[in-house]
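Participant:
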Amino acid sequence: MRRFQVLLAVVSLGLVVSVGHALADGPGAGFSGVKVAQVSFVDRALNLVQLSDGMELRAPDQRMLTNLTIGQWVKVDFVSDGDRVMLNSVAPARPDEIPARATVPATAGGKPDRG
Numbered sequence: 001m002r003r004f005q006v007l008l009a010v011v012s013l014g015l016v017v018s019v020g021h022a023l024a025d026g027p028g029a030g031f032s033g034v035k036v037a038q039v040s041f042v043d044r045a046l047n048l049v050q051l052s053d054g055m056e057l058r059a060p061d062q063r064m065l066t067n068l069t070i071g072q073w074v075k076v077d078f079v080s081d082g083d084r085v086m087l088n089s090v091a092p093a094r095p096d097e098i099p100a101r102a103t104v105p106a107t108a109g110g111k112p113d114r115g
């Protein structure tokens with residue numbers, strides 16, 4: 001019986017250590033994704049684009065930002081290392097990818113009309 005308790009304790013400790021190590025990266029770890037949003041700001045000198053939801057993406061090459069305009073709907077593929085979000089690709093969004101509630105065109109200032 002004593003052997004069983006020792007074995008159970010060792011297995012439990014091993015499980016706790018391995019799960020703790022797996023969860024150690026937490027929310028600060030890298031991630032990637034694809035998103036459809038409106039362009040709200042472009043700084044070609046800094047290779048920076050900001051989307052309407054506030055997400056800032058850095059382009060590895062300035063040529064990726066040449067055809068972007070404020071208010072344009074784009075589909076972006078991105079990756080994050082936990083510190084900054086890098087742009088993998090950017091393309092105009094197809095009409096069927098644009099959210100239905102967000103079909104209001106942008107105003108002259110580049111900000112969506114919030115009525």
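Residue 1 is where the sequence shown starts when you use my numbering, and the numbers rise one by one after that. Just so you know, even glycine gets a beta-carbon here, dropped at the ideal spot from N, CA and C.
1. Where in the region 41-84 do unbroken runs of the beta strand (DSSP E), each at least 3 residues long, occur, reported from the N-terminal end onward?
2. Apart from the five residues just before and just after GLY115, which ones in its own chain have a Cβ nearer than 7 Å to its Cβ?
3. So VAL79 and ALA91 are in contact, right, with Cβ under 8 Å, and what is the actual spacing, rounded?
4. Taking the beta carbon of ALA45 as the centre, do at least 16 other beta carbons fall within 10 Å, making it buried, or is it exposed?
5. What's the C-alpha gap between MET64 and ASN88?
6. Counting only the same chain and skipping the five closest in sequence on each side, list residues whose C-beta sits under 7 Å from that of GLY33.
7. Just list the residues that DSSP pairs ALA37 with in beta bridges.
8. What's the gap between the Cα of GLY30 and the Cα of ASP83?
9. Decide if LEU57 is buried, meaning its Cβ has at least 16 other Cβ atoms within 10 Å, or exposed.
10. Only counting the same chain, and skipping five residues up and downstream in sequence, which positions put a Cβ closer than 6 Å to that of ASN47?
Facilitator: Looking at the atomic coordinates:
1. 48-51, 56-58 and 73-80
2. Low confidence applies to GLY115: its pLDDT is 43, below 50, so where it sits in the model is not reliable, and the reading given next is rough at best. So the list is empty, once near-sequence residues are dropped.
3. At roughly 16 Å, the Cβ-Cβ gap does not stay under 8 Å, so VAL79 and ALA91 are not in contact.
4. exposed
5. 9 Å
6. Cβ neighbours of GLY33 beyond the five flanking positions: PHE78.
7. VAL74
8. 8 Å
9. buried
10. ARG58, ALA59 and GLN62
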